[in-house]
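Below is one structure, written out as structure tokens; the observations come after it.
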Amino acid sequence: MSQAPDRAPDGTLLRLSVPAGGDLRIVALDVAKRVAEYLREGVPDIQGLRVAVEGVASKVAPGAADAEITFDFREINGQLQIEAHCGSRSSEVRCPLPA
Numbered sequence: 000m001s002q003a004p005d006r007a008p009d010g011t012l013l014r015l016s017v018p019a020g021g022d023l024r025i026v027a028l029d030v031a032k033r034v035a036e037y038l039r040e041g042v043p044d045i046q047g048l049r050v051a052v053e054g055v056a057s058k059v060a061p062g063a064a065d066a067e068i069t070f071d072f073r074e075i076n077g078q079l080q081i082e083a084h085c086g087s088r089s090s091e092v093r094c095p096l097p098a
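See the structure below:
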């Protein structure tokens with residue numbers, strides 16, 4: 000199977016790790032917006048992306064504030080998949096891309 004040169008073999012476009020506690024989780028929302036813009040011209044649904052990012056982050060958030068949450072962003076079937084990992088926990092969501 001051929002692979003686009005800007006993607007990892009598993010289709011990941013971008014991986015981002017941020018501290019689980021504090022204000023830097025908002026960076027994941029900005030990155031999700033920019034990845035959606037990169038994949039499709041047009042303005043993505045910012046509120047939908049906010050709900051998606053906050054949703055997956057809250058499902059994997061650890062009790063300890065010194066842990067990290069890793070977000071993986073990839074395109075699957077015309078949608079932006081956002082996957083969050085922290086320790087042994089993971090969660091994913093798919094968001095429609097701009098038409």
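Note that numbering that gives the first Met the number 0 gives residue 49 to position 50 of the sequence shown, counting from 1, and the numbers run on in steps of one. Cβ coordinates follow ideal geometry from the N, Cα and C atoms, glycine included.
query: Buried or exposed: where does A64 fall if 16 or more other Cβ atoms within 10 Å of its Cβ makes it buried?
result: exposed
task: Go through its chain and collect everything with a Cβ distance to C85's Cβ below 8 angstroms, but skip five positions before and after it.
output: A19, V59, A60, P61, A66, E67, I68, T69
- prompt: With distances taken between CB atoms, is the gap from L28 to F72 smaller than 9 angstroms?
  reply: no
- request: Return the CA-CA distance between A51 and L38, expressed in angstroms with no decimal places.
  value: 17 angstroms
- prompt: What's the C-alpha gap between C94 and I81?
  reply: 8 angstroms
task: Could you tell me the distance, in whole angstroms, from the CA atom of V26 to the CA atom of R33?
output: 11 angstroms
- prompt: In three-state DSSP terms, what is L12?
  reply: strand
Backbone CA spacing between G77 and L15 [nearest angstrom]: 21 angstroms
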